[in-house]
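K.L.:
This is the structure I want to talk about, given as structure tokens.
There are 2 protein chains.
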Amino acid sequence: MSRKLQKQKTRRSIIDAAYRLLDSQRSLSSISLREVSREAGIAPTSFYRHFKDIDELGLTLVDEAGLALRQLMRKARSRIEEGGSVIHVSVNTFMEYVSENANVFRLLLREHTGTSPAFRAAVVREIQHFIEELTDYILGHTAISQPYAQLQAEAMVRIVFSAGAEAIDVNKVERKLISNRVEIQLRFIFLGAIQLSVRKDDV
Amino acid sequence: MSRKLQKQKTRRSIIDAAYRLLDSQRSLSSISLREVSREAGIAPTSFYRHFKDIDELGLTLVDEAGLALRQLMRKARSRIEEGGSVIHVSVNTFMEYVSENANVFRLLLREHTGTSPAFRAAVVREIQHFIEELTDYILGHTAISQPYAQLQAEAMVRIVFSAGAEAIDVNKVERKLISNRVEIQLRFIFLGAIQLSVRKDDV
DNA sequence: TCATTCAGTTTACAAGTGTACGCTCATTTT
DNA sequence: AAAATGAGCGTACACTTGTAAACTGAATGA
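Chains as they are written, first to last, in my numbering: chain A, 1 to 203; chain B, 204 to 406.
Structure follows, in structure tokens:
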């Protein structure tokens, strides 16, 4: 087999091994280089052929998780175009993603408030991106002004992520209950933003 | 000195040492028993005279942080009675607390999504308590029905905590900006909840 | 006063960590 | 065909970790 390809494969197996270790009881800062190497089936020192240290692997994982998040947004958008309440479809798509990619979402959540400034910054970037996309959507589909649209998007994303954290380790039925609650809360924000926006325009 | 008193003092110094270690780069699961003991000025094995293991110390810290949170609520309530916008006073009191007790709040945030199920549960309990108090307040001061009041309180607490996380490591000026944004977002929720509540009553 | 209790110490050990160094040997390049 | 490259391995070392065992000595209680 070609050298390049083999290297890529090993790199992949390291990343996959790390994801496997990142269950509900482990964070990036608590998995060791040796542990990941063991799980990936390579010698500890071989790890260095692929990553400078464990933090570099961590950043790679966060980036991949962010990618998955963007795929989620694309999916939600296409579903919205098929019709249905925007809020309903969005929340359900999000919750579906959370439960199907529990370890990925857990990684984002955990490192968002984690001990590594670099990881935190990387996660914040991904969430910021999420907020921007939502802001654009709001601007394109309502009469709300830019600053208020931004605030609305931010509030909504915060609610959804916070609820996602709660939904990550519960069964389908409970997740549905959480979804319903979140939908109403997003309606609060939606209605309130319109109302405040209109008042402002009146003055 | 009396034996009991001396023991209490040492226990205190262990707890204080732990808080000192819990800066922006460390979590409960990443501080070691030996490290805490070193910081507290005792031998590693003496630690066991006070706590069964490091997790027991962790739960003690979370409990203390919860206590501080309740003190914060009391402070906010008394300030509200002195007059001023409820949202404005609450948000400012909260942000003040966050910056004055950075390590305490960080502990709550970090362990909320941390690796220990026991710590997570303990933090959730504290936040839940926070939500209940706010729900009671809403019920007592508005015409919103119980289920909506509960949803409103939950949404508000989520926004405030999420913003608190953002505010924890920024300077006074930026914190003020965050406060202003949060205030508007809470108004969204407040207005939306009223509106949805009224609609429901109409039907 | 004398025996008991017990917070805190010293010493010790097995287990796990990151990583430096030098080697192998299949692939790639010349 | 010969030389260079580089992914992966084995060994080794200096550290840190949790905690077991046996101790010291001052506060306590009889």
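Beta carbons are placed, not taken as given, at the ideal position from N, Cα and C, and that holds for glycine.
Would you mind telling me which residues of chain B sit closer than 7 Å to R158(A), beta carbon to beta carbon, in chain order?
P.N.:
Per Cβ cutoff of 7 Å: R361, I362 and S365.
K.L.:
State the Cα-Cα distance for the pair K379(B) and Q128(A), rounded to the nearest angstrom.
P.N.:
In a straight line, the C-alpha of K379(B) is about 20 Å away from that of Q128(A).
K.L.:
Round the Cβ separation of Q355(B) and I371(B) to the nearest angstrom and send it over; I've been treating them as touching at under 8 Å.
P.N.:
About 25 Å separates the two Cβ atoms, so there is no contact after all.
K.L.:
For chain B, find out if any of its Cβ atoms is closer than 7 Å to the Cβ of I168(A); answer yes or no.
P.N.:
Cβ-Cβ to chain B under 7 Å: no for I168(A).
K.L.:
Would you call the region 291-305 of chain B and the region 380-393 of chain B touching, i.e. three or more CB-CB distances under 8 Å?
P.N.:
At 8 Å Cβ cutoff, the stretches touch.
K.L.:
Listing by chain order, which chain A residues have their CB less than 7 Å from the CB of A396(B)?
P.N.:
Neighbours of A396(B) on chain A, chain order: F188.
K.L.:
Between E11(A) and the rest of its own chain, which residues show a CB-CB distance below 7 Å, the 5 nearest in sequence each way excluded?
P.N.:
The question names Glu, but residue 11(A) in the sequence shown is Arg. Once the five neighbours on either side are set aside, the close Cβ partners of R11(A) are H50.
K.L.:
When the Cα of D16(A) is compared with those of N103(A), I144(A) and L191(A), which residue comes out closest?
P.N.:
That would be N103(A), whose Cα lies nearest to the Cα of D16(A).
K.L.:
Are the beta-carbon atoms of G41(A) and G395(B) separated by less than 7 Å?
P.N.:
No, they are not a contact pair.
K.L.:
Taking only three categories from DSSP, how would you classify N171(A)?
P.N.:
Note: N171(A) maps to coil in three-state DSSP.
K.L.:
Once you ignore the five residues that flank S37(A) on each side, which residues in its own chain have a CB closer than 6 Å to its CB?
P.N.:
Same-chain partners within the cutoff: P44 and F47.
K.L.:
Buried or exposed for L208(B), going by 16 or more other Cβ atoms inside 10 Å?
P.N.:
Its Cβ having fewer than 16 others within 10 Å, L208(B) is exposed.
K.L.:
With 7 Å as the threshold, decide whether the Cβ of Q8(A) is near any Cβ in chain B.
P.N.:
With 7 Å as the cut-off, Q8(A) does not count as an interface residue toward chain B.
K.L.:
Should S90(A) be flagged as near chain B, meaning a C-beta pair shorter than 7 Å?
P.N.:
False, the Cβ-Cβ gap to chain B never drops below 7 Å.
K.L.:
Q150(A) to I194(A), Cα distance in whole Å?
P.N.:
Using only the alpha carbons, I get a separation of about 13 Å.
K.L.:
Can you pull the chain B residues whose beta carbon is under 9 Å from the beta carbon of Q25(A), in chain order?
P.N.:
Within chain B, the residues near Q25(A) are T318, S319 and P320.
K.L.:
May I have the straight-line CA-CA distance separating V376(B) from S205(B), to the nearest angstrom?
P.N.:
Using only the alpha carbons, I get a separation of about 48 Å.
K.L.:
Tell me, please, whether the CB atom of R110(A) is closer than 7 Å to any CB atom in chain B?
P.N.:
Yes, its Cβ sits closer than 7 Å to a Cβ of chain B.
K.L.:
So, using beta-carbon positions, are S30(A) and M95(A) closer together than 7 Å?
P.N.:
No, the Cβ-Cβ distance between S30(A) and M95(A) is not below 7 Å.
K.L.:
Assuming the contact rule is C-beta atoms closer than 8 Å, F130(A) and L69(A) should be a hit. Round their C-beta distance to whole Å, please.
P.N.:
F130(A) to L69(A), Cβ: 6 Å. Contact.
K.L.:
Please return the same chain residues whose Cβ sits closer than 8 Å to the Cβ of E267(B), not counting the five positions on each side in sequence.
P.N.:
Closer than 8 Å at Cβ, skipping near neighbours: I218 and V307.
K.L.:
At 8 Å on the CB atoms, spell out the chain B contacts of A155(A), in chain order.
P.N.:
Under the 8 Å cutoff, chain B gives I362, Q388, F391 and I392.
K.L.:
If you reduce the DSSP assignment to three classes, tell me which class H315(B) lands in.
P.N.:
In this structure, H315(B) counts as helix in the three-state DSSP scheme.
K.L.:
Do T316(B) and L109(A) have their CB atoms nearer than 7 Å?
P.N.:
Contact: yes.
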